[in-house]
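For reference, the structure discussed in these notes is given below.
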Amino acid sequence: MLTQQNYNQIMDLDLFPDDARIWVFTSDREVSAVEQQAMAAPVLEFLEKWATHGKALTATGAWLNSFQLAIILDQSKVGASGCSIDALTRFMREIGSANQIDWFNRMNNMLIEEQGTVQRIPFTELKNYPNALLFDPLVATLGDIRGNWPLPVGESRYKSLI
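Residue numbers (my numbering): 37 to 198.
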């Protein structure tokens, strides 16, 4: 059962290996702690039922900050298929619609931290923030998050834009 203390992390991330697959969904607006808590139960319900070709997937969700929700999948047991990824996308669209959140506007939805403040900026403005820390939504594994994340824009995959 989710409680006030653990709503932001549905399952202990320490139970997942570094090569666990991760999907980072960035909201088009800041999501309050109350909204995060309200979304925890539907996320947990989806993840408990999430399957591929009849096989249950071992997954969890965690708020990385007040803009980004991560879904983490332990692929060492069962990997995601196209159909299961489509189901995740449908679910995120549904929960976004129910909460007036657009998780899929990637061109206007880059998240940076500069001087202790986290903010969303359009992708085209990354060049103006070479030293800001970037919360790259295209990380592929949980190890990427545990390792060098966030990363200065000038050291990221987007450095050629600067």
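Every residue, glycine too, gets a C-beta built ideally from N, C-alpha and C. Bear in mind the structure is a predicted one, so any value in this text is a computation, not a measurement.
Am I right that threonine 5 and glutamine 104 are in contact with their C-beta atoms under 8 Å? What's the rounded C-beta distance? A query on residue 5 cannot be resolved here, the shown segment of the chain reaching from 37 to 198 and no further.
State whether the region 138 to 152 contacts the region 81 to 98, with contact taken as three or more CB pairs (one from each stretch) at a distance under 8 Å. no
Which listed residue (Met146, Pro166, Asn141) has its alpha carbon closest to that of phenylalanine 159: Your numbering for residue 159 matches position 123 in the sequence shown. Taking only the C-alpha atoms, the option nearest phenylalanine 159 is Met146.
Given that a residue counts as buried once 16 or more other Cβ atoms are within 10 Å of its Cβ, and exposed if not, what is proline 53? What you label residue 53 is simply residue 17 of the sequence shown in a count that begins at 1. By the neighbour-count rule (16 or more Cβ atoms within 10 Å), proline 53 is not buried but exposed.
Decide if isoleucine 198 is buried, meaning its Cβ has at least 16 other Cβ atoms within 10 Å, or exposed. Taking the first residue of the sequence shown as 1, we reach residue 198 at position 162. Exposed.
Quick one: give me the first and last residue of the beta strand (DSSP E) that arginine 156 is part of. Here residue 156 corresponds to residue number 120 of the sequence shown, with the count starting at 1. Element bounds for arginine 156: 153 to 157.
Please say whether arginine 57 and alanine 176 have beta carbons closer to each other than 8 Å? Looking up residue 176 in the sequence shown gives position 140. Looking up residue 57 in the sequence shown gives position 21. Cβ atoms of alanine 176 and arginine 57: closer than 8 Å.
Is the shortest distance between the beta-carbon of glutamine 104 and the beta-carbons of chain D less than 8 Å? Reference to chain D is not applicable here, since this structure consists of a single protein chain.
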